[in-house]
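**Student:** Residue numbers (my numbering): 18 to 92.
Beta carbons are placed, not taken as given, at the ideal position from N, Cα and C, and that holds for glycine.
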Amino acid sequence: MKAELILKVVLPPLIIFAILVALTISKVISGWSMYILWILGFVVANLMVTKVTAKWSYQRRKQKRLQEQKKGQQK
18 MKAELILKVV
28 LPPLIIFAIL
38 VALTISKVIS
48 GWSMYILWIL
58 GFVVANLMVT
68 KVTAKWSYQR
78 RKQKRLQEQK
88 KGQQK
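1) Using only CA atoms, which one of 78, 69, 85 lies nearest to residue 28?
2) Go to residue 36, then tell me how far its alpha helix (DSSP H) extends in each direction, as first and last residue.
3) Can you give me the C-alpha to C-alpha distance between residue 83 and residue 65, rounded to a whole angstrom?
4) In the structure shown, what three-state DSSP assignment does residue 45 receive?
5) Report all residues from its chain with a CB closer than 7 Å to the CB of residue 41; omit the five preceding and five following residues, and keep chain order.
6) Give me the Cα-Cα distance between residue 53 and residue 60, rounded to the nearest whole angstrom.
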């Protein structure tokens, strides 16, 4: 994996959860609002990671298909 891809996958969830931890420790959020925000944090983080990895996977498959087509044309 490229470093930029790793940053795109790791950094956003890390920021989201750092904010949630800070808000929870400082008791800004508590009770049901804490549960809801943590669940939303997990959902958003998963969506962001899925979007980046799916885009990367799609690009890899597209490159592979193009290479296979070039090989097929050369034969």
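**Tutor:** Considering the structure as presented:
1) On the sequence shown, position 11 is the one that residue 28 refers to. The shortest C-alpha separation from residue 28 is found at 69.
2) Your numbering for residue 36 matches position 19 in the sequence shown. Where residue 36 is concerned, the enclosing alpha helix (DSSP H) stretches over 20–42.
3) Within the sequence shown, numbered from 1, the residue matching residue 83 stands at position 66. Within the sequence shown, numbered from 1, the residue matching residue 65 stands at position 48. Distance between the alpha carbons of residue 83 and residue 65 is about 27 Å.
4) Locating residue 45 in the sequence shown gives position 28, counting from the first residue. In this structure, residue 45 counts as coil in the three-state DSSP scheme.
5) Within the sequence shown, residue 41 is the residue found at index 24, counting from 1. Once the five neighbours on either side are set aside, the close Cβ partners of residue 41 are 51.
6) For the purposes of this step, residue 53 is taken as the residue at position 36 of the sequence shown. For the purposes of this step, residue 60 is taken as the residue at position 43 of the sequence shown. Looking at the two C-alpha atoms, the distance is approximately 11 Å.
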